[in-house]
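>
In structure tokens:
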């Protein structure tokens, strides 16, 4: 009985959970769970102990290796572009006007990228702004503002996002002073690597699952031998 109890405990430990990711914000955790679920891996998120904002993503221990390969192929989790809170929250003792303008453009680009990433099918977005500062002595010599947008998307969403390019131009132009939609370049591209193929259910590439299968076979053999020995020891056995 002791051996059987130890075996049950070993099987339970092997079938437990593995904490795959730590220190995520909720958007990163949700994005990772969606990607895992699309490949048939059931994950869950939970708050980290003693943390107000950090999240943990866990998966079944037997799926840990496949989950890591999947997330690596999809470049998850991704760092969010810094917005106004992150850029200006650091503060500066005495920022120069040039520094303030550069920080503002950086934060505005981050906020626009976040907005674009809320569109269904978008995997990642980058916004680059070129907003020259006006020259008070030569206001007519100011170069025209320009912007460039890169939208990385899932393959099945590319056609739809290409039709949304005029709206993306209007969104970016509307957030920057004197920027015209015609001066906003939009590039829609499919996200890089595809996720690894799912492993067949009949065959397992996981060392944990292979060990469990071997252990189950040994246990079945032992139980079979025990049954034969019991019959031979029974009264009246030939």
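Residue numbers (my numbering): 4 to 241. Think of the CB as a built atom: it goes at the ideal place given N, C-alpha and C, for glycine as much as any other residue.
Just to confirm the assignment, what range does the beta strand (DSSP E) spanning residue 21 have?
Looking at the DSSP string, the run of the beta strand (DSSP E) that includes residue 21 is 20–27.
> Terminal residues of the continuous beta strand (DSSP E) containing residue 127?
Per DSSP, residue 127 belongs to the beta strand (DSSP E) from 125–133.
> Let's test the definition: count the other Cβ atoms within 10 Å of the Cβ of residue 42 and tell me whether it reaches 16, buried, or not, exposed.
The residue is buried, with at least 16 neighbouring Cβ atoms inside 10 Å.
> Do the segment 59–66 and the segment 96–114 make contact, defined as three or more Cβ pairs closer than 8 Å?
No, because fewer than three Cβ pairs between the segment 59–66 and the segment 96–114 fall closer than 8 Å, the two stretches do not touch.
> With a CB to CB cut of under 6 Å and the five nearest residues on each side skipped, what residues in its chain are close to residue 194?
126, 155.
> Heavy atom of the ligand ADP less than 8 Å from the Cβ of residue 59, yes or no?
You won't find the ligand ADP in this model; it holds no ligand whatsoever.
> Just list the alpha helix (DSSP H) runs in the segment 147–174, keeping only unbroken ones of 4 residues or longer that don't cross its boundaries, in chain order.
Within the segment 147–174, the complete alpha helix (DSSP H) runs of at least 4 residues are 161–166.
> Can you tell me whether residue 201 is helix, strand or coil according to DSSP?
Low confidence applies here, because residue 201 scores a pLDDT of 49, under 50, leaving its location unreliable; read the following figure in that light. It is coil, neither helix nor strand.
> In this structure, does DSSP put residue 49 in helix, strand or coil?
Note: residue 49 maps to strand in three-state DSSP.
> Which residues bound the alpha helix (DSSP H) around residue 102?
That run of the alpha helix (DSSP H) goes 100–120.
> Within the continuous alpha helix (DSSP H) that includes residue 70, where are the two ends?
Per DSSP, residue 70 belongs to the alpha helix (DSSP H) from 67–76.
> Cα separation between residue 183 and residue 69?
Each residue's Cα considered, the two are about 46 Å apart.
> What residue from 120, 22, 116 has the CA that sits closest to residue 160's CA?
Nearest C-alpha to residue 160: 120.
> Measure the beta-carbon distance from residue 146 to residue 135 and round it to whole angstroms, keeping in mind my assumption that it falls under 8 Å.
The pair is a contact, with the Cβ atoms about 5 Å apart (cut-off 8 Å).
> By Cβ distance, which residues of its chain are closer than 6 Å to residue 153, with the 5 residues on each side in sequence left out?
Answer for residue 153: 129, 190, listed in chain order.
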